[in-house]
Amino acid sequence: MRVPTDGGLLRNYLDDPTWWGEIAGSTLQAAVAYRLVTAAPLLAREGVLLRESEISNYVQWAEDIRTIIGTGPHVTTEGIVTPAVNPLWWGDRTPFTTGSPEGNNFAVLMYAAWRDCVLAGVTGCTAPTV
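So the sequence shown is numbered by the numbering used here: it starts at 97 and just counts up by one.
In structure tokens, the structure reads:
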């Protein structure tokens, strides 16, 4: 993924450096990357081949986003994932920290896709350490 980030997160508008990194787009794209690499064996049967380097790049990119979300100040004690774009006014330049339904949902999708990636044994999808 060759997109400039802000604090490791995708900006609300990828081509506008005046926006800040936010969790909704970042976690949704990470979920898609995890799903893609998990489905790679099924896709190969249909003639859609992903090179190992592509799989590795997608996994690493998704792992970076997941790590940033999980280890930074992005999840509150109430379980709200922040910062997000105001779900009621997309043009609002103030980071929304009181809970974006979409943002929290996309974070759940990312973690579910990561779990499936780990269970599928995809190289690079790291299991939690206990």
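All C-beta atoms, glycine included, are put in the ideal place defined by N, C-alpha and C.
- In the DSSP assignment, T101 is bridged to L106.
- Less than 9 Å divides the Cβ of R162 from the Cβ of A126.
- Remark: C-beta atoms of V171 and T219 do not approach each other more closely than 9 Å.
- Contact between the stretch 168-186 and the stretch 144-158 is absent, with fewer than three C-beta pairs closer than 8 Å.
- The alpha-carbon separation between A140 and V133 amounts to approximately 11 Å.
- Excluding sequence positions up to five before and after E198, its CB lies within less than 8 Å of the CB of A120, A180, P183, all in the same chain and listed in chain order.
- One Cα belongs to T194, the other to L215, and the distance between them is close to 33 Å.
- Residue range 148-167 is occupied by the alpha helix (DSSP H) that includes N153.
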